[in-house]
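Visitor: Below is the structure I would like to discuss, written out as structure tokens.
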Ligand SMILES: *Cc1c(COP(=O)(O)O)cnc(C)c1O
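This is the structure we're talking about:
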């Protein structure tokens, strides 16, 4: 069915240009490819840009989340509250440390975890005598709603709050940039994120004591601060190993791309915002779907629509297949983790245990959204969506329209 004459529209595409190309060439020609001056400069510039106390660059957000949980002392059997409605990286890092994710349902009308359900689950775990360590929320699509309430909860119960801010850069708030004013935040620079280094991430955090541990564990558990301190006394090749660490450092080729992308971050965000506004205007009369509410303080990493299945005679997957056949790339964010084999079996979870996350999953479609998307492309996506909705009205709907 695919119309070969029409150029297909990807779901996402990184926005890279001459500046990134030149920066990479410079690094390639410098003779220094691994973590070095570029990664250091990227961290310094990131601190200046975000106002964070500390920033450490890593080779993925997943690595960053693992490092911060390790440094905060998450151990075997510890409980960390997180959303079921997220990518598996958010929860798998808790398992890396031997801890258990405790899945919280969504707040009504939101794609983020519910502070009320979170508190209910904290109380229950404490009553059972469990070791509750922290809260790990995710700002789905780049919307940090609910963070203030969750942070207040974390203080009330003496828990850490670490943000999976993979979708949420750069977003200002009253207290400062999202990610910077809780215990820690981790951003992702994966290829489809709001700024990219191909693969990469950044951990920002408050407590200076975490810096030594994270820096060491990021690179094989080599204690560089000790090495630095004694470097004048010891041979330059000498170093100490304090733990079996990881290989999570960001290389200079990636870091130099990140430095350019950081300078463009605001411009890239503004392009996303213009596209989101256009989507909202163009789709506002489509009664068979719910649109995300406009928010200025939002990273707009994703534009997620929710179908009103009562008004349609096709389901979400069928709707997506029609878009695919007409050359439009889409995705689903997310199939909740309590519906995934590993988590479902290990924690004996049922779909009904998290009814809002389960319900939303069946309705969502993420539409194409990337800074270099043209208004013509957006117009075509909207036309196909409107046509598909009109030609697939449910029987009940047809009756009521008559
Ligand atoms: C992309 C993503 C991650 C992982 O980021 P990587 O940099 O690919 O490790 C984690 N959480 C969420 C919600 C994501 O979308």
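Numbering (UniProt numbering), first residue to last: 1 to 402. Beta carbons: idealized from backbone N, C-alpha and C, even for Gly.
Quick one: is residue 38 buried, meaning 16 or more other Cβ sit within 10 Å of its Cβ, or exposed?
Guide: Buried.
Visitor: Do the CB positions of residue 24 and residue 256 come within less than 8 angstroms of each other?
Guide: If you check the CB distance, residue 24 and residue 256 come in under 8 angstroms.
Visitor: Closer than 7 angstroms by C-beta to residue 384: which residues in its own chain qualify, once you throw out the five before and the five after it? Chain order, please.
Guide: 323, 326, 328
Visitor: Taking the straight line between their C-alpha atoms, what separation do you get for residue 392 and residue 319?
Guide: 9 angstroms
Visitor: Would DSSP call residue 195 helix, strand or coil?
Guide: coil
Visitor: Less than 8 angstroms between C-beta atoms, sequence neighbours within five positions excluded: which residues of the same chain meet that for residue 249?
Guide: 34, 35, 39, 57, 58, 59, 218, 219
Visitor: Report yes or no: do the stretch 283-294 and the stretch 158-166 share at least 3 C-beta pairs separated by less than 8 angstroms?
Guide: no
Visitor: What separation, rounded to the nearest whole angstrom, lies between the Cα atoms of residue 395 and residue 173?
Guide: Distance between the alpha carbons of residue 395 and residue 173: 45 angstroms.
Visitor: Comparing C-alpha positions only, which one of 209, 371, 176, 333 sits nearest to residue 84?
Guide: 333
Visitor: Contact between the stretch 136-151 and the stretch 308-315 is defined here as three or more beta-carbon pairs at a separation below 8 angstroms; is this criterion met?
Guide: no
Visitor: For the alpha helix (DSSP H) that contains residue 147, what are its first and last residues?
Guide: 147-156
Visitor: Between which two residues does the beta strand (DSSP E) holding residue 174 run?
Guide: Segment: none, residue 174 is in no beta strand (DSSP E) and carries neither H nor E.
Visitor: Is it right to say residue 263 is buried, meaning 16 or more other beta carbons lie within 10 angstroms of its own, or is it exposed?
Guide: exposed
Visitor: What is the DSSP secondary structure of residue 357, counted as helix, strand or coil?
Guide: helix
Visitor: Is the stretch 271-282 close to the stretch 95-109, with three or more CB pairs under 8 angstroms?
Guide: With fewer than three CB-CB distances shorter than 8 angstroms, the stretch 271-282 does not count as touching the stretch 95-109.
Visitor: Beta carbon of residue 60: closer than 7 angstroms to some heavy atom of ligand 1?
Guide: yes
Visitor: Note down the Cα distance separating residue 209 from residue 111, rounded to an integer number of angstroms.
Guide: Pairing residue 209 with residue 111, the inter-Cα distance amounts to about 34 angstroms.
Visitor: Taking C-alpha atoms, which residue in 337, 114, 135 lies nearest to residue 349?
Guide: 337
Visitor: For a test of your reading of the model: does the CB of residue 87 fall under 7 angstroms from any non-hydrogen atom of ligand 1? Yes or no.
Guide: yes
Visitor: Assuming residue 331 contacts residue 11 (C-beta within less than 8 angstroms), just tell me the rounded distance between them.
Guide: 5 angstroms
Visitor: Check whether the Cβ of residue 32 lies closer than 7 angstroms to any heavy atom of ligand 3, and answer yes or no.
Guide: Absence of ligand 3 is noted for the structure shown, with ligand 1 being the only ligands found.
Visitor: Could you tell me the distance, in whole angstroms, from the CA atom of residue 258 to the CA atom of residue 335?
Guide: 30 angstroms
Visitor: Per DSSP, what kind of secondary structure is residue 345 in: helix, strand or coil?
Guide: helix
Visitor: How long is the line joining the alpha carbons of residue 366 and residue 376, rounded to whole angstroms?
Guide: 18 angstroms
Visitor: In this structure, does DSSP put residue 403 in helix, strand or coil?
Guide: Not covered by the structure: residue 403. The range shown for the chain is 1 to 402.
Visitor: Classify residue 91 as buried or exposed, calling it buried when 16 or more other Cβ atoms lie within 10 Å of its own Cβ.
Guide: buried
Visitor: Where residue 387 and residue 124 are concerned, what is the direct C-alpha to C-alpha distance, given to the nearest angstrom?
Guide: 48 angstroms
Visitor: Using only alpha-carbon positions, find the residue among 253, 274, 215, 273 that is nearest to residue 247.
Guide: 215
Visitor: Any heavy atom of ligand 1 closer than 7 angstroms to the CB of residue 66?
Guide: no
Visitor: If you drop the 5 nearest sequence neighbours on each side, which residues of the same chain put their C-beta closer than 6 angstroms to that of residue 206?
Guide: If we look at residue 206 and ignore the five residues flanking it on each side, its Cβ neighbours are 53.
Visitor: Which residues in the same chain as residue 41 place their Cβ atom closer than 7 angstroms to its Cβ, once the five residues preceding and following it in sequence are excluded?
Guide: The beta carbon of residue 41 lies closer than 7 angstroms to those of 259 in the same chain, with the five residues before and after it left out.
Visitor: Is the closest heavy atom of ligand 1 to the C-beta of residue 193 under 7 angstroms?
Guide: Short note on residue 193: C-beta closer than 7 angstroms to some heavy atom of ligand 1.
Visitor: For a quick check, are the C-beta atoms of residue 275 and residue 194 less than 8 angstroms apart?
Guide: no
Visitor: Looking at ligand 1, does it come within less than 7 angstroms of residue 167, judged from the CB to the closest heavy atom?
Guide: Between ligand 1 and the CB of residue 167, the shortest heavy atom gap is smaller than 7 angstroms.
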